[in-house]
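Asks: With the UniProt record's numbering, letter number 99 in the sequence shown gets 99, and the count goes up by one each step, no holes. The beta-carbon is built from N, C-alpha and C at its ideal position, and this holds for glycine as well.
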Amino acid sequence: MTSPTTSARTPQTGGLVRVGRIAAQSALLAGVWFAADALVRTTHLPVPGGVVGLVLLLVLLFCGGVTPRWVKAGADWLLSDMLLFFIPAAVAAVQYGGLFRADGWRLALVVAGGTLMVMVAVAFAVEQAARLERRLALRRVRHSRHMARA
């Protein structure tokens, strides 16, 4: 039997804590998106608010304003349920069956081409980020060696 001073976490409270963490982190991510969307609307930037939000979150992660553990559970939950966001698109595709029968090959070509371009762009971005990480790591090693000699 646990005493009142010990904090034994029951499965119910552990689940509530997890749900609360997911809700708070999802709200943080949504807040970043809303702030970025408001910024885009007020400044009339020709970029979607989601892209600006992604860049803003990336800057916050790199600068240490947000740590990955502050958003990991919320991001994992959003990614796991991402398929639900494609249901309206699938319903719309069913409604335009004639279009797909007439021009389906063109649409498939555009989708395949767009997917290929995105894959190439992501590969390029990952390669550049890896190069930057290697340069920064080398700079840190050189700096620590220099400080050790001094």
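For a quick check, are the C-beta atoms of V52 and V40 less than 8 Å apart?
Replies: Cβ atoms of V52 and V40: closer than 8 Å.
Asks: In the structure shown, what three-state DSSP assignment does V47 receive?
Replies: Residue state, collapsed to three classes: coil.
Asks: My understanding is that V66 touches L57, with C-beta atoms under 8 Å, so please give their C-beta distance in whole angstroms.
Replies: With 8 Å as the limit, V66 and L57 qualify as a contact, their Cβ atoms being about 7 Å apart.
Asks: Compare the C-alpha of D37 against each of A75, V55 and A129 and name the closest.
Replies: It is V55 whose Cα lies nearest to the Cα of D37.
Asks: Taking all protein chains shown into account, decide if H143 is buried (16 or more other Cβ within 10 angstroms of its Cβ) or exposed.
Replies: It is exposed - the Cβ of H143 has fewer than 16 other Cβ atoms within 10 Å.
Asks: Alpha carbon to alpha carbon, what distance is there between H146 and H44?
Replies: Those two C-alpha atoms are separated by around 47 Å.
Asks: For V52, does the three-state DSSP call read helix, strand or coil?
Replies: Residue state, collapsed to three classes: helix.
Asks: Just the Cα atoms here: how many angstroms apart are F100 and L107?
Replies: Spanning the two alpha carbons is a distance of roughly 8 Å.
Asks: In terms of residues, what are the limits of the alpha helix (DSSP H) holding G65?
Replies: Counting along the chain, G65 falls outside any alpha helix (DSSP H), and DSSP gives it neither H nor E.
Asks: Answer yes or no: do I22 and G74 have a C-beta to C-beta separation smaller than 8 Å?
Replies: Yes, the Cβ-Cβ distance between I22 and G74 is below 8 Å.
Asks: For A150, does the three-state DSSP call read helix, strand or coil?
Replies: Looking at A150 - three-state DSSP - the assignment turns out to be coil, as it is neither helix nor strand.
Asks: Out of G64, Q25 and V91, which one is the CA nearest neighbour of D76?
Replies: Of G64, Q25 and V91, the residue nearest in Cα terms is Q25.
Asks: If we ignore side chains and look at the alpha-carbon of each, how far apart do L132 and L60 end up?
Replies: One C-alpha to the other measures close to 17 Å.
Asks: From the DSSP output, in three-state form, read off D37 for me.
Replies: DSSP places D37 in helix when its eight states are reduced to three.
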